[in-house]
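Take a look at the structure set out below.
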Amino acid sequence: MTSKSKTILYSGLLAGTLDILAAIFVYSVILHQTTAEKILQSIASGIFKQHAYTGGTQMVFYGLLLHYFIAFAFAYFYYKIYPHVPILKKNIVVSGIVYGIFVWIVMNLIVLPIVFPKLPSKEFDLPLIISVLILIVCIGLPIAFVTKKSYEL
């Protein structure tokens, strides 16, 4: 496996795992808003619509697969732009924060409205701040760190 493939695989697995664990911990364990199963079914509903909520364990698995696919896509994109965007090389923390915010914007203002046209409007409140922080800490920073280390080798 090439260094590029290893970097994308590792950063995608790390980011995807941290992100789904954070979502489950925050929204299921701390806030008691949903269950881990419902979180993964909601991800699967992006493709399978309402059937995702009645499809049982299979839909939970598809949700997890789709979640990791998205994480790998963001890991791949960051890896590809890293050598061409000089600011990403200057400060890993700032790069990770900016990339986490970028991921939130792409997912919440582009992807989700396309997949789910009847989403409620976004309010600047604690749940929004939590969702941005999760993406910064669990997606942006790990992908930035792993990618930077890979390019330094």
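Be aware that the sequence shown starts at 147, since it is given in the numbering used here, and climbs by one per residue.
Backbone N, C-alpha and C fix where the C-beta goes; we use that ideal spot for every residue, glycine too.
For clarity, every value in this text was computed on a predicted model and none was experimentally measured.
| Check | Outcome |
| --- | --- |
| Proximity of ILE282 and ALA161 at Cβ, strictly below 7 angstroms | no |
| Candidates VAL240, PRO273, LEU167: closest to ASN254 by CA position | PRO273 |
| Backbone secondary structure at ASN254 - three-state DSSP | helix |
| Assigned exposure category for GLN204 - 16 Cβ within 10 Å defines buried | exposed |
| CB-CB length for LEU212 against ILE189, believed under 8 angstroms | 5 angstroms |
| Minimum C-alpha distance to VAL292 - residue among THR200, TYR224, LEU258 | TYR224 |
| Coarse secondary structure for SER188, derived from DSSP in three states | helix |
| PHE248 in three-state terms, based on DSSP | helix |
| Straight-line Cα distance separating GLY242 from ILE227 | 13 angstroms |
| Inter-residue Cα distance where the pair is LEU301 and LEU167 | Lying outside 147 to 299, the shown extent of the chain, residue 301 is not represented and no answer is given. |
| Cβ shell of PHE218 (< 6 angstroms), same chain only, five flanking positions each side left out | GLY158 |
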